[in-house]
Amino acid sequence: MRKLTTGLLLFAVAGLSAAGEPKTPAEAIAPYVDDLTFVVVHADVARLTAEAILQRAEQILGQVREREGAARFVKAHAKFIEAGGKDVFVVLNLADGLNEFLVVVPLAGGAQKQALLEILKDVGDGKTVEKNGAILKG
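Residue numbering for the sequence shown follows the numbering used here, starting at 1 and increasing by one per position.
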């Protein structure tokens with residue numbers, strides 16, 4: 001499966017992987033997708049600069065920058081990559097309401113789980129937990 005950049009929709013399909021093989025993006029997100037899921041956005045955050053992410057967010061949402069918030073995001077982005085973070089999925093599901101979403105960060109090989117948990121706890125509102133090889137925030 002090709003890696004997709006921010007803003008593209010990914011309709012995840014569950015698959016089985018052989019023991020010991022890293023999960024594909026579709027396999028990582030499949031447990032969090034059901035019949036009421038209407039959008040899954042995937043970003044390979046390790047390939048994107050913080051500035052590129054902020055610019056895309058402004059294109060989609062309008063003016064979102066404030067100096068303090070942008071500076072915090074740039075620092076969190078750098079820490080996320082240093083801790084081995086790579087993929088981020090945002091899942092919107094009708095069961096959760098239109099204003100709620102779930103962030104899923106699969107824990108790839110070499111990822112520092114505790115550091116990633118702390119980074120995600122510091123970003124935004126919502127509960128942050130680790131479950132089945134992924135960090136969930138929502």
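Ideal placement from N, C-alpha and C gives every residue a C-beta, glycine not left out.
If you draw a 10 Å sphere on the C-beta of V129, you find fewer than 16 other C-beta atoms in it, and that means exposed.
Annotation for E118: the continuous alpha helix (DSSP H) segment containing it runs K113 to D122. With a beta-carbon spacing of about 4 Å, V103 and K137 fall inside the 8 Å limit used to define contacts. For P31 and D87, the gap between their C-alpha atoms comes out near 16 Å. Between T24 and N93 a beta carbon distance of about 21 Å is seen, past the 8 Å cut, so the two are scored as non-contacting.
Listed as beta-bridge partners of N93 by DSSP are T37. Judged by beta-carbon spacing, F89 lies beyond the 8 Å limit of L116, meaning their Cβ atoms are not closer than that value. Per the DSSP secondary-structure output, E130 pairs in a beta bridge with I135.
Ranked by Cα distance from I119, the first of T49, V41, G85 and N99 is G85. For K121, same chain residues with a beta-carbon under 7 Å away, outside a window of 5 residues either side, are T128 in chain order. At the C-beta level, V91 and V33 come within 8 Å of one another.
Going by DSSP, P31 is part of no beta strand (DSSP E) at all; its letter is neither H nor E. Annotation for L61: the continuous alpha helix (DSSP H) segment containing it runs A50 to L61. Per DSSP, reduced to three states, the secondary structure at A43 is strand.
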